[in-house]
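Read through the structure below, which is laid out as structure tokens, and then see the notes.
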Amino acid sequence: MKKILSIKSAFTLLEMLVVIGIIGILVGLGAVSYSTAQKKARDAKRKQDLKAVQNCLEQYYSYNNNFKYPNYSSWPSSFNCGSSTLTAPSDPRNSSPYVYTISSSSDAYTICATLETESPSSYCLTNQQ
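Counted the way the numbering used here counts, the sequence shown spans residues 66 to 194.
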């Protein structure tokens, strides 16, 4: 009688565990990279927002014959740019307002945002006049 040998190809448990481990490491690294990219994108948006507000405030200053900057007691819902308005931007992560402070004589301002990836974490712009 002839014996029929049947050889089955399969992966061993050890091979499966190694492959699953490698896939897990790659997924973990991808998640960390994705999170970092999101933080950097939000920081870029914050900087862009503050630059837009700064441009608006400088337009207001020029439009009003270099007199004074608008005196907002807190972050407004919109900024008066002189001949137009700018809807006030908010933080892309939690929609909280940025910080706007103005000198007592209304001739200088500072606008600030908190960044996630840079040190120092506070990013501020001041008047250009």
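For glycine and all other residues, C-beta sits at the position ideal for the given N, C-alpha and C. Here the structure is a predicted model, which means the values were calculated and not measured.
Assigned exposure category for residue i - 16 Cβ within 10 Å defines buried
i: P185; result: exposed
i: V97; result: exposed
i: L23; result: Because the chain is modelled from 66 through 194, residue 23 falls outside the range shown and cannot be assessed.
i: I176; result: buried
CB contact flag (residue i, residue j, <8 Å)
i: L151; j: C189; result: no
i: A178; j: R111; result: yes
i: I167; j: Y125; result: no
i: Y174; j: T191; result: yes
i: S171; j: N136; result: yes
i: S161; j: S169; result: no
i: T182; j: K73; result: no
DSSP-derived helix/strand/coil call for residue i
i: Y126; result: helix
i: A153; result: coil
i: I87; result: helix
i: Y165; result: strand
i: N195; result: This structure leaves residue 195 out entirely; the chain is present only between 66 and 194.
Pick from the options that is closest to residue i, judged by C-alpha positions
i: Y163; options: L82, V83, P141; result: P141
i: S143; options: A102, S170, N159, A117; result: A117
i: L180; options: M81, Q103, T77, I90; result: Q103
i: R158; options: S139, A109, N131, S148; result: A109
i: S149; options: S127, F132, S138; result: S127
Contact set for residue i: own chain, Cβ-Cβ below 8 Å, skip 5 residues either direction
i: Q193; result: Q119, E123
Contact set for residue i: own chain, Cβ-Cβ below 6 Å, skip 5 residues either direction
i: G147; result: Q124, Y125, Y128
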